[in-house]
Every structure is written in structure tokens, then in C-alpha cells.
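Going by our numbering, the sequence shown opens with residue -11, and the numbers climb by one from there. Glycine included, C-beta positions come from ideal geometry on N, C-alpha and C.
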Amino acid sequence: MLFRQKKYKEAKDWIEKALKASDNQSATIVEHYGDIIFHLGDKAGALEHWKKALQLGEKSILLQKKINEGKYFE
-11 MLFRQKKYKE AKDWIEKALK ASDNQSATIV EHYGDIIFHL GDKAGALEHW KKALQLGEKS
49 ILLQKKINEG KYFE
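This is the structure:
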């Protein structure tokens, strides 16, 4: 919700809490974290998290496109 409202800093704070609270990281949450930090200007960090999401088993069609082109797609 915060992401769709373009409240990226707030979204980052909440998703970081979710990542820290979980013993098993969700590939989807890791991908979304990459999306958020991309919008905050951290393109290298976003790419790193998108690749991690792929390693964790995320099968989003757009994920591979994000990795290949180094930018966010909806």
C-alpha cells in the first residue's frame, strides 16, 4: 500500500521490519524490497536484492526482466 502511494521511505521501514522478523526470507518480500530501494535511488542494491529473490526461488516473469535491464517494471 505504501509503495503504491509512493511513500517509499515508509515502505522501506516496514519491509525491513518484516525481513528482520522472519527466520525464512520470502523471495517475494526480497523482490519487493529491491523495488522499494530502486525507487529510493539505490539501483545497485535493488539489483542485488532482485538476484537474491531469484536465488530464493521467486519465479516472477518481471523479476528476470528487472535483473536483465537493471530497472523496475510493474
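Exercise. Hey, how far is the Cα of residue 33 from the Cα of residue 60?
Worked result: Their backbone Cα atoms lie some 12 Å apart in a straight line.
For this session: Could you pull the start and end residues of the alpha helix (DSSP H) that residue 30 belongs to?
Result: No alpha helix (DSSP H) holds residue 30; DSSP gives it neither H nor E.
Exercise. Do you know how far the Cα of residue 43 is from the Cα of residue 10?
Worked result: Cα to Cα, residue 10 sits roughly 17 Å from residue 43.
Problem set entry | Own chain residues within Cβ distance below 6 Å of residue 0, not counting five before or after | For residue 0, the CB contacts under 6 Å within the same chain, skipping 5 residues up- and downstream, are 24 in chain order.
Exercise. Under a Cβ-count criterion, where at least 16 other Cβ atoms within 10 Å of its own Cβ denotes burial, should residue 49 be classed as buried or exposed?
Worked result: Exposed: under 16 other Cβ atoms inside 10 Å.
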